[in-house]
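Worksheet: one structure, shown below.
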Amino acid sequence: MKLMTILFAALFLTGTSAAFDPFDGDEKDKKKDKKMVLNVSGMVCGVCEGNVTKELKELKGVKEVKASHEKNKVKILLSADHASDEQISEAVKNAGFEVVKDDKKKEKKKKKDR
Ligand SMILES: [Cu+2]
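Just so we're aligned, residue 738 is where the sequence shown starts under the working numbering, counting upward by one.
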């Protein structure tokens with residue numbers, strides 16, 4: 738009787754772990770996605786937002802773009818193998834706008850230069 742219980746438990750465990758494997762894969766892929774928020778100056782309306790979105794979506798690894806001219810921010814969802822920061826800045830410039838670097842980054846750079 739005990740042996741039957743152990744066998745059943747073993748079967749149950751292998752069964753569940755196999756069933757969960759594909760889900761683990763999906764979760765890992767999701768964790769690799771990276772969110773990025775850019776401060777972008779110059780956008781004044783929805784058309785501007787559309788232009789920035791269109792340019793950025795042409796880049797490698799850009800999954801989603803949400804631009805807001807009211808907040809002067811562009812949110813980007815990137816996959817693991819994505820375009821460089823320089824390429825992203827360049828795409829924003831191509832759309833006619835500018836990426837404004839936040840003060841925190843400037844401070845870090847100053848400290849590094851010293
Ligand atoms: Cu506009």
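Yeah, the Cβ is synthetic: ideal placement off N, Cα and C, and Gly gets one too.
Helix or strand or just coil, what does DSSP make of residue i?
{"i": "S722", "result": "The structure shown does not extend to residue 722, since the chain spans only 738 to 851, so no value can be given for it."}
{"i": "L796", "result": "coil"}
{"i": "A828", "result": "helix"}
{"i": "V781", "result": "coil"}
{"i": "E801", "result": "strand"}
{"i": "E807", "result": "coil"}
{"i": "D758", "result": "Any reading at D758 needs caution, since the residue's pLDDT is 49, under 50, leaving its predicted position unreliable; the model's value is listed next. Helix."}
Should residue i be labelled buried (16 or more other beta-carbon atoms within 10 Å of its own) or exposed?
{"i": "V781", "result": "exposed"}
{"i": "V774", "result": "exposed"}
{"i": "E786", "result": "buried"}
Between residue i and residue j, is the Cβ-Cβ spacing less than 7 angstroms?
{"i": "K791", "j": "S816", "result": "no"}
{"i": "V811", "j": "A820", "result": "no"}
{"i": "A832", "j": "N788", "result": "yes"}
{"i": "V802", "j": "K794", "result": "yes"}
{"i": "E827", "j": "S778", "result": "no"}
{"i": "K768", "j": "L814", "result": "no"}
Could you give the residue range of the beta strand (DSSP E) that holds residue i?
{"i": "M773", "result": "771-778"}
{"i": "V811", "result": "810-815"}
{"i": "E835", "result": "835-837"}
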